[in-house]
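Colleague: Residue numbers (UniProt numbering), protein chains in the order written: chain F, 1 to 334; chain W, 1 to 267.
Just so it is clear, CB atoms sit at the ideal spot from N, CA and C, and this is done for glycine as well.
Since this is a predicted model, take the numbers as computed values, not measurements.
#1: Can you give me the Cβ contacts of residue 228/F inside the same chain, cut-off strictly under 8 Å, excluding the 5 residues immediately before and after it?
#2: Report back the beta-carbon spacing between residue 118/F and residue 157/F to the nearest angstrom; my notes put them in contact at under 8 Å.
#3: Less than 7 Å between the C-beta atoms of residue 340/F and residue 105/F, yes or no?
#4: Ignoring anything shorter than 3 residues, give me the beta strand (DSSP E) runs that lie fully in the region 178 to 211 of chain F, in order along the chain.
#5: Using DSSP with H/G/I as helix, E/B as strand and the rest coil, what is residue 306/F?
#6: Can the beta-carbon of residue 60/W be found less than 7 Å from the beta-carbon of residue 39/W?
#7: Roughly how many angstroms lie between the CA atoms of residue 220/W and residue 179/W, to the nearest whole one?
#8: At what residue ranges does the region 21 to 97 of chain W contain a whole run of the alpha helix (DSSP H), taking only runs of 4 or more?
#9: Taking just the CA atoms, how far does residue 70/W sit from residue 96/F?
#10: Hey, does residue 100/F have any beta-carbon neighbour from chain W nearer than 7 Å?
#11: Do residue 61/F and residue 301/F have their C-beta atoms within less than 7 Å of each other?
#12: Does any residue of chain W bring its CB to less than 7 Å from the CB of residue 128/F?
#13: Would you say residue 115/F reaches chain W, if we count a Cβ-Cβ gap shorter than 7 Å as a contact?
#14: Examine chain W for any beta-carbon lying closer than 7 Å to the beta-carbon of residue 186/F, and answer yes or no.
#15: Beta carbon of residue 263/W, beta carbon of residue 79/F: below 7 Å?
#16: For residue 303/F, which residues from the same chain have a beta carbon less than 6 Å from its beta carbon, with the 5 sequence-adjacent residues on both sides left out?
#17: Any chance the region 82 to 90 of chain F sits against the region 126 to 139 of chain F, with 3 or more Cβ pairs inside 8 Å?
#18: Quickly, what does DSSP pair residue 281/F with across the bridge? List them, please.
#19: If you follow the alpha helix (DSSP H) that residue 160/F is part of, which residue opens it and which one closes it?
#20: May I ask you to verify whether the region 87 to 107 of chain W touches the region 219 to 235 of chain W, counting CB pairs closer than 8 Å and requiring at least 3?
#21: Is residue 184/W buried or exposed, if buried means 16 or more other CB atoms sit within 10 Å of its CB?
#22: For residue 115/W, list the residues DSSP reports as bridge partners.
#23: Please state whether the Cβ-Cβ distance between residue 179/F and residue 99/F is less than 7 Å.
#24: Using a cut-off of 7 Å between C-beta atoms, extract the partners of residue 91/W located in chain F.
#25: Does DSSP put residue 98/F in a helix, in a strand, or in coil?
#26: What alpha helix (DSSP H) runs, 4 residues minimum, are completely inside the region 121 to 193 of chain W?
#27: Report the rounded CA-to-CA distance for residue 239/W versus residue 250/W, giving the unit in angstroms.
#28: Which of the three DSSP states is assigned to residue 200/W in this structure?
#29: Would you verify that the beta carbon of residue 78/F is, or is not, closer than 7 Å to some beta carbon of chain W?
#30: Suppose the cutoff is 7 Å on Cβ atoms and the five residues either side in sequence are ignored; what does the same chain contact list for residue 200/F look like?
#31: Residue 45/F and residue 249/F: beta carbons closer than 7 Å?
#32: Could you give the residue range of the beta strand (DSSP E) that holds residue 112/F?
#33: Who are the neighbours of residue 96/F on chain W, taking C-beta pairs under 7 Å?
#34: Leaving out the 5 sequence neighbours to the left and right, which residues in its chain are closer than 6 Å to residue 65/F when beta-carbon positions are compared?
#35: Which residues in chain F have a C-beta closer than 8 Å to the C-beta of residue 12/W? List them in chain order.
#36: Going by beta-carbon coordinates alone, are residue 6/F and residue 213/F separated by less than 7 Å?
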């Protein structure tokens with residue numbers, strides 16, 4: 001595998017689709033037929049980011065944010081309206097066949113395997129298409145089998161596989177030709193937790209041991225937390241944030257709650273500065289962050305203990321799902 | 001060079017069928033029933049007459065039975081195997097065709113070649129059985145057999161392109177079911193599967209001469225039974241070859257446009 005310091009370069013990438021708007025009602029439908037109204041939809045607008053070789057980057061965003069369009073441009077399936085992209089040194093939409101040898105891709109539950117054939121036959125067809133030497137193919141299949149346990153079902157026809165088995169097979173199929181760059185568009189959607197963990201372990205192995213660059217889109221924040229150190233957040237086709245998980249947590253993760261049980265249920269409750277009283281029922285009080293000078297969770301804990309006589313205290317810190325919800329909401333407001 | 005290494009793609013249809021014995025049994029049953037019915041029908045039709053439309057009873061029966069067998073060469077099945085353009089467009093998996101180092105048009109050609117060779121195995125088996133049972137007549141001479149083989153090859157080539165045009169339609173319409181139904185009817189009628197074209201009125205024969213369908217089956221079968229004399233074979237083969245060239249150029253153009261459409265819509 002050739003090592004480049006930057007595996008994926010995206011510069012000012014934009015993609016606009018032109019669609020026909022259907023007017024409502026019968027008259028509207030006739031009018032749309034005679035005089036169709038065309039509108040431009042900016043799926044991706046001026047996106048710029050890099051992915052280093054051997055890095056796993058999570059490309060996140062709500063549905064319709066432009067993640068899949070970005071991946072399609074990077075795999076060479078779609079041409080951008082403007083901007084430039086390079087994947088392993090190749091402009092994917094100009095040299096599609098050359099790019100195809102450098103990349104592997106899984107698009108959600110859309111399988112690239114042959115429905116009527118056993119999984120192993122699909123692998124053999126791909127081996128021929130990508131011209132992978134037989135010994136190399138066998139060795140790679142063995143490596144994938146060790147983690148994904150493919151051999152327990154690879155003689156089964158694809159049509160008879162469970163979703164988890166099919167996605168594991170698709171992952172293997174996408175990597176059989178040893179691509180340095182892998183695009184995974186929601187690969188674990190709909191899978192059970194055991195298979196998800198198996199897939200995560202496989203991806204970790206591919207990044208850490210094989211040095212592959214992975215661009216992953218997912219709505220599963222556990223997956224992001226366990227796999228990615230860096231995320232790129234897009235919304236409405238625009239890049240909203242590019243940073244490490246820690247940075248995002250610092251920026252959007254201040255949604256803590258401090259729950260306290262007061263010794264005196266009738267005590268007057270004035271929240272410490274930088275906090276807000278979220279709930280108050282008898283002796284039970286809940287504080288959260290407030291204002292531009294919001295306290296951190298540790299500061300809030302200290303302030304509550306100092307201000308009130310408490311018999312019990314607990315804190316809830318936001319998990320990544322909450323953090324991303326806050327980040328999406330923030331991005332939506334921009 | 002990927003196309004040479006990717007020969008295994010030609011095995012998709014035969015392997016898929018071999019992995020589904022009930023499908024093979026259904027094909028064998030259907031062929032047997034069709035052959036028996038067609039044989040009975042044409043013998044019945046000729047019971048009160050001698051030569052009609054330039055065909056004797058044996059010629060007509062041979063033509064009709066061979067037409068049934070030849071229709072197996074490229075079964076117009078859109079769904080088995082989930083590997084048609086129609087299904088890939090429907091399921092959004094057409095993107096994978098554009099993600100591989102093998103161009104989609106070459107992959108399609110390999111798949112079709114495998115499918116046609118698989119159909120040929122069925123047709124040849126049926127032919128040998130029918131010949132042994134005296135249902136069909138052998139070709140009149142070695143020359144007629146040779147010309148028939150060349151003409152059949154060209155006919156299948158034309159059929160490949162006709163099917164390809166229909167599949168390519170899916171890049172614009174997503175579904176091609178209506179077009180497929182029309183084509184199946186037109187192909188069966190105008191190529192002489194339902195009845196040899198010689199039985200139709202002159203205007204119909206003239207009209208079908210301007211379409212590619214009769215080049216797929218009617219010409220080779222007419223050469224086999226001797227309804228087209230060997231002296232006319234050169235001209236007929238040239239017409240078939242011309243259709244191959246015209247359709248090859250047309251489908252090449254459509255592949256380019258389809259690729260442009262995929263890369264502008266993203267599959």
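Modeller: Let me lay it out:
#1: Start at 1 with the first residue of the first chain, and residue 228/F comes out as number 228. For residue 228/F, same chain residues with a beta-carbon under 8 Å away, outside a window of 5 residues either side, are 56, 57, 58, 216 and 245 in chain order.
#2: Looking up residue 118/F in the first chain gives position 118. Looking up residue 157/F in the first chain gives position 157. Right, their Cβ atoms sit about 6 Å apart.
#3: Any answer about residue 340/F is impossible in this case: the structure gives chain F only from 1 up to 334.
#4: Note on the region 178 to 211 of chain F: whole beta strand (DSSP E) runs with a minimum of 3 residues are 181 to 185, in chain order.
#5: In the first chain, residue 306/F corresponds to position 306, counting from 1. Helix, per DSSP.
#6: Numbered from its first residue, the second chain carries residue 60/W at position 60. Numbered from its first residue, the second chain carries residue 39/W at position 39. Cβ atoms of residue 60/W and residue 39/W: not closer than 7 Å.
#7: Within the second chain, residue 220/W is the residue found at index 220, counting from 1. Within the second chain, residue 179/W is the residue found at index 179, counting from 1. Counting only the Cα atoms, residue 179/W lies some 25 Å from residue 220/W.
#8: The region 21 to 97 of chain W contains these whole alpha helix (DSSP H) runs: 21 to 45, 57 to 70, 85 to 91 and 94 to 97.
#9: Here residue 96/F is taken as the residue at index 96 of the first chain, counted from 1. Here residue 70/W is taken as the residue at index 70 of the second chain, counted from 1. If I take the Cα positions, the gap works out to 39 Å.
#10: Position 100 of the first chain holds residue 100/F. It does: the Cβ of residue 100/F has a partner Cβ on chain W nearer than 7 Å.
#11: Counting from one through the first chain, the residue named residue 61/F turns up at place 61. Counting from one through the first chain, the residue named residue 301/F turns up at place 301. Taking 7 Å as the Cβ cut-off, residue 61/F and residue 301/F do not qualify as a contacting pair.
#12: As a first step, residue 128/F must be located in the first chain, where it is residue number 128. Cβ-Cβ to chain W under 7 Å: yes for residue 128/F.
#13: Against the first chain, residue 115/F aligns to sequence position 115. Yes, its Cβ sits closer than 7 Å to a Cβ of chain W.
#14: As a position in the first chain, residue 186/F is number 186, starting the count at 1. Taking a beta-carbon distance threshold of 7 Å, residue 186/F does not count as an interface residue toward chain W.
#15: Position 263 of the second chain holds residue 263/W. Position 79 of the first chain holds residue 79/F. In contact: residue 263/W and residue 79/F (Cβ atoms closer than 7 Å).
#16: Translated into positions along the first chain, residue 303/F becomes position 303. Excluding sequence neighbours, residue 303/F sits near 272.
#17: With the cut-off at 8 Å, the region 82 to 90 of chain F and the region 126 to 139 of chain F do not touch.
#18: To locate residue 281/F, count along the first chain from 1; it is residue 281. The secondary-structure analysis by DSSP pairs residue 281/F across a beta bridge with 284/F.
#19: Working through the first chain from its first residue, we reach residue 160/F at position 160. For residue 160/F, no alpha helix (DSSP H) encloses it, and the DSSP letter there is neither H nor E.
#20: The region 87 to 107 of chain W vs the region 219 to 235 of chain W: no contact.
#21: Here residue 184/W is taken as the residue at index 184 of the second chain, counted from 1. The residue is exposed, with fewer than 16 neighbouring Cβ atoms inside 10 Å.
#22: Position 115 of the second chain, counting from 1, holds the residue named residue 115/W. Answer is none; residue 115/W lacks a bridge partner.
#23: By one-based count along the first chain, residue 179/F stands at place 179. By one-based count along the first chain, residue 99/F stands at place 99. Taking 7 Å as the cut-off, the Cβ atoms of residue 179/F and residue 99/F do not count as close.
#24: In the second chain, residue 91/W corresponds to position 91, counting from 1. Result: 110.
#25: What you label residue 98/F is simply residue 98 of the first chain in a count that begins at 1. Three-state result, residue 98/F: helix.
#26: Runs of the alpha helix (DSSP H) inside the region 121 to 193 of chain W: 142 to 173 and 177 to 190.
#27: In the second chain, counting from the first residue as 1, residue 239/W sits at position 239. In the second chain, counting from the first residue as 1, residue 250/W sits at position 250. In this model, residue 239/W and residue 250/W are separated by some 16 Å (Cα to Cα).
#28: Translated into positions along the second chain, residue 200/W becomes position 200. In the structure shown, residue 200/W sits in coil (DSSP, three-state: anything other than H, G, I, E or B).
#29: On the first chain, position 78 is the one that residue 78/F refers to. Chain W contact via Cβ: present.
#30: For the purposes of this step, residue 200/F is identified with residue 200 of the first chain, where counting begins at 1. Taken in chain order, the residues that qualify are 223, 226 and 227.
#31: Here residue 45/F corresponds to residue number 45 of the first chain, with the count starting at 1. Here residue 249/F corresponds to residue number 249 of the first chain, with the count starting at 1. Their beta carbons are not under 7 Å apart, which means residue 45/F does not touch residue 249/F by this criterion.
#32: Residue mapping note: residue 112/F aligns to position 112 of the first chain, counting from 1. Neither: residue 112/F is in no beta strand (DSSP E) and is coded neither H nor E.
#33: By 1-based counting over the first chain, the position of residue 96/F is 96. Correct list: 98.
#34: Taking the first chain and counting its residues from 1, one reaches residue 65/F at position 65. Here the set comprises 234 and 235.
#35: Here the question's residue 12/W lines up with position 12 in the second chain. For a Cβ distance threshold of 8 Å, residue set 114, 116, 117 and 125 of chain F lies close to residue 12/W, ordered along the chain.
#36: Position 6 of the first chain, counted from the start, is the residue given in the question as residue 6/F. Position 213 of the first chain, counted from the start, is the residue given in the question as residue 213/F. No Cβ-Cβ contact shorter than 7 Å links residue 6/F with residue 213/F.
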